[in-house]
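Protein sequences appear in the order of chains A and B. Take the position in the first sequence, starting the count at 1, then add 722; the result is the number in this note's numbering. Take the position in the second sequence, starting the count at 1, then add 22; the result is the number in this note's numbering. Report on the following structure.
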Amino acid sequence: MNEGLLGRRVGIALGWAALASLVVLGVLGLVVAPPDAVQGDAQRLMYLHVPAAWLAYLAFGVTAVASALYLWPRTRSVVWDRVAGASAELGVLFTGLTLVLGSLWGRPVWGIWWAWDARLVTTAVLFFLYVGYLALRRIPGAGREKRCAIAALIAFVDVPVVHFSVEWWRTLHQQGTVFNEELSAQIHGKMALALWWSVLAFTLLYVYLLDRRYRLEALDADRDERELERAIAERLAEAEPARVEAGARS
Amino acid sequence: MKGRAIGAAAVCAVAVVAIVVLGVVLSKNVVYFRTVSEAVEERAGGGGDGRLRLAGEVVPGSITETARGVRFEVTDGEATADVIHRGDPPDLFKEGAPVVCEGRWSESDVFASDRILIKHGSEYEPPDVDSGEKASGDKASA
């Protein structure tokens, strides 16, 4: 039985490709890319922090699109609900990773673990919004999928706010290096290579994990259904002899 | 159904109030720091009594060590302020470094700082070593 988004073989190949590209990223980030003139080796955390943040955006974007597709009557399918849930889980994971890695970087470079500036606060809000969304998914009842899809669309409003927070407000966090207003990357060639590679590697990892998580979700639903069927069958089997007995007595 | 409608309206009302309150609070506090000229101007106008963050560049040649920390000047190109910092400055603190100082104005209009943060820019390049390629000439155009 194949209940994944991708074919079984494609999924496995993707897993290996993601692993290999992460190994290459390790070499690029630790050996090929030079240390930063000001920050030294602490700057290398960028090759994890930036792609993690990118994945958070991507994952929540996929959740939003899948939720919209679920809400649209013509495309409504349990598939979209599962994609939305699986992607949101990955988004929460990578938002958490972004926050932790950023904090580890902030201590040696800024001098503090945390700053109450607009970028950091809106990112923390993003994390808790989607933790809330995941909690909402766990609440059963009629219309659960619809409710969650609407919540996912509302939560997505914070994604552009996080991204543009460094432009809209004055923050301690630096502005975008690549996607800045001038759209010119202010980064040295080999560092840029490691950064772009990290985005590629993390994206592969995301697609792989999304497929796996989706598969798990589908298997879970399948198991629930089978358990329900078995429970009904058991109850029927229990009721059957009782009825026969009752019939014999009358 | 009527109860639900009232509930939904209540939730919306609370949300609107929360957004307005947040907006008012944020518009005042969302600026993480003040530039030196903003802070100096505010001080000259009689304000700036509370705690604030002052951002600028450390003026080269202005750093002197004191018994309790360092004394230096910080500038944003337009205005300059004297800063007396208590405690050890961070590792990346040096001449020309972009800093954010936390503290308050003393009576003599010297900024008494008790925390220095380094505000890093969005530019990344390797250290300029003689054997390596020129740092500024090899930037990606992506």
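Beta carbons are placed, not taken as given, at the ideal position from N, Cα and C, and that holds for glycine.
Original post:
Just to confirm, are residue 114 of chain B and residue 85 of chain B a CB contact at a threshold of 7 Å?
Top reply: For this step, residue 114 of chain B is matched to residue 92 along the second sequence. For this step, residue 85 of chain B is matched to residue 63 along the second sequence. Cβ atoms of residue 114 of chain B and residue 85 of chain B: not closer than 7 Å.
Original post:
Apart from the five residues just before and just after residue 802 of chain A, which ones in its own chain have a Cβ nearer than 6 Å to its Cβ?
Top reply: Your numbering for residue 802 of chain A matches position 80 in the first sequence. So the qualifying residues of the chain are 788, 791 and 792.
Subject >> Beta-carbon spacing of residue 820 of chain A, residue 774 of chain A below 7 Å >> reply: For this step, residue 820 of chain A is matched to residue 98 along the first sequence. For this step, residue 774 of chain A is matched to residue 52 along the first sequence. In contact: residue 820 of chain A and residue 774 of chain A (Cβ atoms closer than 7 Å).
Original post:
Looking at the C-beta of residue 24 of chain B, does it have a partner C-beta in chain E at a distance below 7 Å?
Top reply: Given the protein chain composition of this structure (A and B), no chain E is represented.
Original post:
If you follow the beta strand (DSSP E) that residue 120 of chain B is part of, which residue opens it and which one closes it?
Top reply: Translated into positions along the second sequence, residue 120 of chain B becomes position 98. Where residue 120 of chain B is concerned, the enclosing beta strand (DSSP E) stretches over 120 to 127.
Original post:
Helix, strand or coil for residue 107 of chain B per DSSP?
Top reply: Counting from 1 along the second sequence, the entry for residue 107 of chain B is found at position 85. Reduced to three states, the DSSP call for residue 107 of chain B is strand.
**OP:** Taking residue 824 of chain A as part of the alpha helix (DSSP H), name the residues at either end of that continuous run.
**Re:** Looking up residue 824 of chain A in the first sequence gives position 102. 800 to 831 is the span of the alpha helix (DSSP H), which, as asked, contains residue 824 of chain A.
**OP:** Report the three-state DSSP secondary structure of residue 851 of chain A (helix, strand or coil).
**Re:** As a position in the first sequence, residue 851 of chain A is number 129, starting the count at 1. Three-state DSSP puts residue 851 of chain A in a helix.
Original post:
Is residue 905 of chain A helix, strand or coil when you go by DSSP?
Top reply: Residue mapping note: residue 905 of chain A aligns to position 183 of the first sequence, counting from 1. For residue 905 of chain A, the predicted model reports a pLDDT of 48, less than 50, meaning its position is unreliable; a value from the coordinates is still stated below. Reduced to three states, the DSSP call for residue 905 of chain A is coil.
Subject >> Under the three-state DSSP convention, the category residue 93 of chain B falls into >> reply: Indexing the second sequence from 1 puts residue 93 of chain B at position 71. DSSP places residue 93 of chain B in strand when its eight states are reduced to three.
**OP:** Examine chain A for any beta-carbon lying closer than 7 Å to the beta-carbon of residue 147 of chain B, and answer yes or no.
**Re:** The residue you call residue 147 of chain B lines up with position 125 of the second sequence. Judged by the 7 Å Cβ criterion, residue 147 of chain B is in contact with chain A.
Original post:
Who are the near neighbours of residue 59 of chain B in its chain, counting only those whose CB is closer than 7 Å to its CB and skipping five residues on each side?
Top reply: Indexing the second sequence from 1 puts residue 59 of chain B at position 37. Contacts found: 98, 100 and 101.
Subject >> Terminal residues of the alpha helix (DSSP H) in which residue 784 of chain A lies >> reply: Your numbering for residue 784 of chain A matches position 62 in the first sequence. Its alpha helix (DSSP H) spans residues 768 to 793.
**OP:** Could you name the residues of chain A that residue 52 of chain B contacts, counting a contact when the two beta carbons are closer than 7 Å?
**Re:** The count along the second sequence starts at 1 and reaches residue 52 of chain B at position 30. Simply 840 and 891.
Original post:
Can a CB atom of chain A be found closer than 7 Å to the CB of residue 41 of chain B?
Top reply: In the second sequence, residue 41 of chain B corresponds to position 19, counting from 1. Taking Cβ atoms only, chain A never reaches closer than 7 Å to residue 41 of chain B, which makes this a no.
**OP:** For residue 149 of chain B, count neighbouring Cβ atoms within 10 angstroms of its own Cβ and tell me buried if that reaches 16, exposed if not.
**Re:** Within the second sequence, numbered from 1, the residue matching residue 149 of chain B stands at position 127. When all chains shown are included, residue 149 of chain B counts as exposed.
Original post:
Of all the CB atoms in chain B, is at least one closer than 7 Å to the CB of residue 759 of chain A?
Top reply: Along the first sequence, read from residue 1 onward, the residue named residue 759 of chain A stands at position 37. It does: the Cβ of residue 759 of chain A has a partner Cβ on chain B nearer than 7 Å.
Original post:
Near residue 949 of chain A, what residues of its chain come up, given a Cβ to Cβ distance below 8 Å and the 5 sequence neighbours on each side ignored?
Top reply: In the first sequence, residue 949 of chain A corresponds to position 227, counting from 1. The answer is none, since no qualifying residue turns up.
Original post:
For residue 139 of chain B and chain A, any beta-carbon pair shorter than 7 Å?
Top reply: In the second sequence, counting from the first residue as 1, residue 139 of chain B sits at position 117. It does: the Cβ of residue 139 of chain B has a partner Cβ on chain A nearer than 7 Å.
Original post:
Secondary structure at residue 664 of chain A, three-state DSSP: helix, strand or coil?
Top reply: Residue coverage of chain A in this structure runs from 723 to 972, which leaves residue 664 of chain A outside it and unanswerable.
Original post:
Any beta-carbon of chain A closer than 7 Å to the one on residue 91 of chain B?
Top reply: On the second sequence, position 69 is the one that residue 91 of chain B refers to. With 7 Å as the cut-off, residue 91 of chain B does not count as an interface residue toward chain A.
**OP:** Report the residue from B:93, B:68 and B:53 whose alpha carbon sits nearest the alpha carbon of residue 138 of chain B.
**Re:** For this step, residue 138 of chain B is matched to residue 116 along the second sequence. It is B:93.
Original post:
Would residue 905 of chain A count as contacting chain B if we go by Cβ distances under 7 Å?
Top reply: Numbered from its first residue, the first sequence carries residue 905 of chain A at position 183. Since pLDDT at residue 905 of chain A reaches only 48, below the 50 mark, its modelled position is unreliable, and the value read off the structure follows with that caveat. With 7 Å as the cut-off, residue 905 of chain A does not count as an interface residue toward chain B.
**OP:** Closer than 9 Å by beta-carbon distance: list the chain A residues that pair up with residue 98 of chain B, in chain order.
**Re:** Sequence index remark: in the second sequence, residue 98 of chain B carries index 76 (1-based). Neighbours of residue 98 of chain B on chain A: none; closest Cβ ~13 Å, over 9 Å.
Original post:
residue 807 of chain A touches chain B at which residues, Cβ-Cβ below 7 Å?
Top reply: Against the first sequence, residue 807 of chain A aligns to sequence position 85. Near residue 807 of chain A there are no residues of chain B at all, since even the closest Cβ is about 23 Å away, more than 7 Å.
**OP:** Determine, using beta carbons only, whether residue 909 of chain A comes closer than 7 Å to chain B.
**Re:** Start at 1 with the first residue of the first sequence, and residue 909 of chain A comes out as number 187. It does: the Cβ of residue 909 of chain A has a partner Cβ on chain B nearer than 7 Å.
Subject >> At least 3 beta-carbon pairs within less than 8 Å: the region 800 to 816 of chain A vs the region 867 to 881 of chain A >> reply: yes
**OP:** Quick one: list the residues of chain A neighbouring residue 112 of chain B, beta-carbon separation under 7 Å, in chain order.
**Re:** Within the second sequence, residue 112 of chain B is the residue found at index 90, counting from 1. Those within 7 Å of residue 112 of chain B in chain A are 833.
**OP:** Report the partner residues of residue 75 of chain B according to the DSSP bridge assignment.
**Re:** Counted from its first residue, the second sequence places residue 75 of chain B at position 53. Note: residue 75 of chain B sits in a beta bridge opposite B:124.
Original post:
With 16 as the cutoff for other CB atoms within 10 Å, does residue 57 of chain B come out buried or exposed?
Top reply: For the purposes of this step, residue 57 of chain B is taken as the residue at position 35 of the second sequence. Residue 57 of chain B is buried by the Cβ-count criterion.
**OP:** Put residue 139 of chain B into one of helix, strand or coil per three-state DSSP.
**Re:** Locating residue 139 of chain B in the second sequence gives position 117, counting from the first residue. Reduced to three states, the DSSP call for residue 139 of chain B is strand.
Original post:
CB-CB under 6 Å to residue 754 of chain A, same chain, minus the five flanking residues each way: which ones, in chain order?
Top reply: Residue numbering aside, residue 754 of chain A sits at position 32 when the first sequence is read from its first letter. Closer than 6 Å at Cβ, skipping near neighbours: 912.
**OP:** Along the alpha helix (DSSP H) that carries residue 868 of chain A, what are the first and last residues, could you check?
**Re:** Within the first sequence, residue 868 of chain A is the residue found at index 146, counting from 1. Segment 866 to 877, the alpha helix (DSSP H) holding residue 868 of chain A.
Original post:
Checking contacts by CB at 7 Å: is residue 107 of chain B closer than that to chain A?
Top reply: By 1-based counting over the second sequence, the position of residue 107 of chain B is 85. It does not; no Cβ of chain A falls within 7 Å.
Original post:
Using a C-beta to C-beta distance shorter than 7 Å, which residues of chain B count as neighbours of residue 701 of chain A?
Top reply: Lying before the first or after the last residue shown, residue 701 of chain A is absent from chain A, which here runs from 723 to 972.
Subject >> Short CB-CB distance (under 7 Å) between residue 160 of chain B and chain A >> reply: For the purposes of this step, residue 160 of chain B is identified with residue 138 of the second sequence, where counting begins at 1. Here the model assigns residue 160 of chain B a pLDDT of 39, short of 50, so the residue's position is not dependable, and the following value carries that caveat. At least one chain A Cβ lies under 7 Å of residue 160 of chain B.
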